[in-house]
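Following: one structure in structure tokens, then a few remarks.
Structure follows, in structure tokens:
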């Protein structure tokens, strides 16, 4: 599952290339909603959490969600693609470039004056990558939208509560805050929950630039992540072996230290 900072990096990469370009054809995979398109100029490319929005001068915007396996590529019109055409979810063709989104989870046309209009839709919480998040409001969304028994791993991943956290940050946040993955929402205080989302916003914002994702900044050569993808390796705090399991409503891969997160 892509993290929110990944989608912002994609938007930052695509925007200077696409904005101002005229798209003459758009091809959407049959499994997604389609509408007539007669050609239009790209007005904006923006991210909100894990959602990418491509706005057009004359009307609706295209929203895409990469899900677990999606990716964006761009090619010259006569170039060979690195993935089979059958995996193309969305193709935007300009005079000089084909922008291709492969294996997207969701693609849809949305009517809005800007990406911020989408935030008013209760399906999406605030974007943690902006660095300006009201964590008290996020906590209220969590309490209002979710059952008290909801495991903390599902709270963090629920994009209705707040946008941007994926599998990497989920495991890292739980470890840093010393919360066990299946801790129920009702067992965590508002202050601790707000602190988790505040830390998520800090980590996401700090990773928006180039380079590999970092949640651990100790300069000891032991790695840039605390627990993610370290199954069986010694915990970097207590040396207990890191555990791994698919947990939560959607059985997401989760890493944790049983000793540090009892």
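In this note's numbering, the protein residues as written are 840 to 1101. C-beta atoms are modelled at their ideal positions from N, C-alpha and C, and glycine is treated no differently. Since this is a predicted model, take the numbers as computed values, not measurements.
Between the beta-carbon of residue 1043 and that of residue 1008 there is about 7 Å, and that keeps the pair under the 8 Å contact cut.
In this structure, DSSP gives residue 1043 a helical state, which the three-state scheme calls helix. Under the DSSP assignment, residue 947 falls in the beta strand (DSSP E) whose first and last residues are 945–949.
If the five residues before and after residue 1032 are omitted, its C-beta is found closer than 6 Å to the C-beta atoms of 978, all from its own chain and listed in chain order. In the DSSP annotation of this structure, residue 1011 is not part of any beta strand (DSSP E); the continuous alpha helix (DSSP H) holding it starts and ends at 1006–1015. Annotation for residue 992: the continuous alpha helix (DSSP H) segment containing it runs 991–996. Bridge pairing for residue 883: 894 [DSSP]. Contact annotation, residue 970 with residue 998: C-beta distance approximately 18 Å; criterion of less than 8 Å not satisfied. Straight-line spacing of the CA atoms in residue 1076 and residue 972 works out to 30 Å. The C-beta of residue 919 has fewer than 16 other C-beta atoms within 10 Å across all chains shown, which makes the residue exposed. In this chain, the beta strand (DSSP E) harbouring residue 937 covers 937–941.
Of the other Cβ atoms in all chains shown, 16 or more fall within 10 Å of the Cβ of residue 990; this residue is therefore buried.
Secondary structure at residue 1035: helix, using DSSP grouped into helix, strand and coil. As the crow flies, the alpha-carbon of residue 937 is around 11 Å from that of residue 911. In the assembly as shown, residue 1058 is an exposed residue. Its beta-carbon has fewer than 16 other beta-carbons within 10 Å. In this structure, residue 966 lies near residue 887, with their beta-carbon atoms less than 7 Å apart. Beta-bridge analysis with DSSP links residue 913 to 938.
Burial state of residue 857 is buried, judged by a 10 Å Cβ sphere holding 16 or more other Cβ atoms. Shortest Cα-Cα distance from residue 861 to any of 980, 851, 934, 885 involves 934.
Rounded to the nearest whole angstrom, the CA to CA distance from residue 876 to residue 949 is 14 Å. Excluding residues up to 5 positions away in sequence, 994, 1000 lie with their Cβ nearer than 6 Å to the Cβ of residue 981 in the same chain.
With respect to residue 871, residue 939 sits apart: the two C-beta atoms are not nearer than 7 Å. Rounded to the nearest angstrom, the Cβ distance from residue 1039 to residue 1081 is 20 Å, too far for a contact under 8 Å.
The three-state secondary structure of residue 966, taken from DSSP, is strand. Ranked by Cα distance from residue 907, the options 1018, 1098, 1091 are led by 1091.
Residue 1082 is bridged by DSSP to 1095. Taking the Cβ atoms as the reference, residue 1019 lies roughly 52 Å from residue 916, outside the contact range of under 8 Å.
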